[in-house]
Amino acid sequence: MLVKWLHVAAASIWLGGLVFTVIMNRTLRALLAPQQAAQVTSYVGRRMQRPLRYSLYVAVLAGLGNVLLRFNGLSPLLALSFYSTPFGQLFLLKLLVTLALLAVVEYHSRAARRLAWPPNGPVPPSYRRRLIAAGWAALLLTLLLALLGSLLRFS
Numbered sequence: 636m637l638v639k640w641l642h643v644a645a646a647s648i649w650l651g652g653l654v655f656t657v658i659m660n661r662t663l664r665a666l667l668a669p670q671q672a673a674q675v676t677s678y679v680g681r682r683m684q685r686p687l688r689y690s691l692y693v694a695v696l697a698g699l700g701n702v703l704l705r706f707n708g709l710s711p712l713l714a715l716s717f718y719s720t721p722f723g724q725l726f727l728l729k730l731l732v733t734l735a736l737l738a739v740v741e742y743h744s745r746a747a748r749r750l751a752w753p754p755n756g757p758v759p760p761s762y763r764r765r766l767i768a769a770g771w772a773a774l775l776l777t778l779l780l781a782l783l784g785s786l787l788r789f790s
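Read in order, the letters of the sequence shown correspond to residues 636 to 790 in the numbering used here.
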């Protein structure tokens with residue numbers, strides 16, 4: 636029960652932080668001059684990155700812990716027959732979406748660092764658009780994970 640609570644709490648912190656970041660970024664870009672909005676969102680993003688990243692990692696590890704506890708270990712997950720069940724298929728899909736989310740988050744972090752400290756002068760606007768797209772992708776993948784988690788809960 637503790638592992639399940641930890642998974643839900645950490646995932647909620649991650650999702651809430653993403654939603655806050657999206658709302659904050661959109662509001663700041665609408666209210667401030669482009670350069671000033673970029674500086675403020677960069678600062679806030681750097682401050683939020685570590686706690687949000689830790690909450691994501693805790694959510695992933697606790698989610699894996701939930702599955703291991705549900706099936707009393709790893710061996711059922713290694714059987715091909717597990718993935719022919721509805722639960723196994725949803726689990727595999729959630730695992731793949733989680734891996735995609737982790738990749739997008741890493742890309743976003745690297746892109747944000749490049750924007751914060753451009754080595755060769757100003758960064759092209761297309762780079763900033765890719766950073767924003769990665770942020771939206773992270774949010775959409777997280778929402779998909781929440782949906783898959785709900786479906787797993789009831790399968």
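Glycine included, C-beta positions come from ideal geometry on N, C-alpha and C.
On a predicted model such as this, the values are computed, not experimentally measured, just so you know.
### Task
Pull up the distance between the alpha-carbon of ASN707 and that of LEU641, whole angstroms please.
Numbered from its first residue, the sequence shown carries residue 707 at position 72. Numbered from its first residue, the sequence shown carries residue 641 at position 6. Cα to Cα, the separation comes out at about 19 Å.
### Message
My parser needs the alpha helix (DSSP H) runs of 4 or more residues fully inside the region 666–731; what are they?
### Response
669–705 and 710–713
### Task
Check PHE655 in the structure and name its three-state DSSP category.
The residue labelled residue 655 in the question sits at position 20 within the sequence shown. PHE655: helix per DSSP, three-state reduction.
### Message
Quick check: the Cα distance between ARG682 and VAL740, rounded to an integer number of angstroms?
### Response
Along the sequence shown, one-based indexing puts residue 682 at 47. Along the sequence shown, one-based indexing puts residue 740 at 105. Each residue's alpha carbon lies about 15 Å from the other.
### Query
Comparing alpha-carbon positions, which option in LEU734, ALA746 and LEU778 lies nearest ARG764?
Walking along the sequence shown from the start, residue 764 turns up at place 129. The option with the nearest alpha carbon to ARG764 is ALA746.
### Cα-Cα separation, SER647 to ALA781
Within the sequence shown, numbered from 1, the residue matching residue 647 stands at position 12. Within the sequence shown, numbered from 1, the residue matching residue 781 stands at position 146. Their backbone Cα atoms lie some 9 Å apart in a straight line.
### Query
By a C-beta neighbour count over all protein chains shown, 10 Å radius and 16 as the cutoff for buried, is THR676 buried or exposed?
Here residue 676 is taken as the residue at index 41 of the sequence shown, counted from 1. Buried, by the Cβ-count rule.
### Task
Could you tell me whether the Cβ atoms of LEU796 and LEU786 are closer together than 9 Å?
This structure cannot speak to residue 796, because the chain is shown only from 636 to 790.
### Query
Is it buried or exposed for ALA769, if we count other Cβ within 10 angstroms and need 16 for buried?
Against the sequence shown, residue 769 aligns to sequence position 134. Buried: at least 16 other Cβ atoms inside 10 Å.
### Query
Is SER761 helix, strand or coil by DSSP?
Position 126 of the sequence shown, counted from the start, is the residue given in the question as residue 761. Helix, per DSSP.
### Message
For ALA672 and VAL679, I'd like the C-alpha separation in whole angstroms.
### Response
Locating residue 672 in the sequence shown gives position 37, counting from the first residue. Locating residue 679 in the sequence shown gives position 44, counting from the first residue. Going by the C-alpha atoms only, they are around 11 Å apart.
### Task
Would you tell me roughly how many angstroms separate the C-alpha atoms of PHE789 and GLN670, rounded to the nearest one?
Walking along the sequence shown from the start, residue 789 turns up at place 154. Walking along the sequence shown from the start, residue 670 turns up at place 35. Their backbone Cα atoms lie some 47 Å apart in a straight line.
### Task
Please say whether LEU653 and THR777 have beta carbons closer to each other than 9 Å?
Your numbering for residue 777 matches position 142 in the sequence shown. Your numbering for residue 653 matches position 18 in the sequence shown. Closer than 9 Å, so yes.
### Nearest-angstrom Cβ-Cβ length linking HIS743 and LEU766, presumed shorter than 8 Å
On the sequence shown, position 108 is the one that residue 743 refers to. On the sequence shown, position 131 is the one that residue 766 refers to. At roughly 6 Å, the Cβ-Cβ gap stays under 8 Å, so HIS743 and LEU766 are in contact.
#### Entry: C-alpha gap between ALA644 and LEU703, whole angstroms
Along the sequence shown, one-based indexing puts residue 644 at 9. Along the sequence shown, one-based indexing puts residue 703 at 68. If you take the alpha carbons of ALA644 and LEU703, they lie about 19 Å apart.
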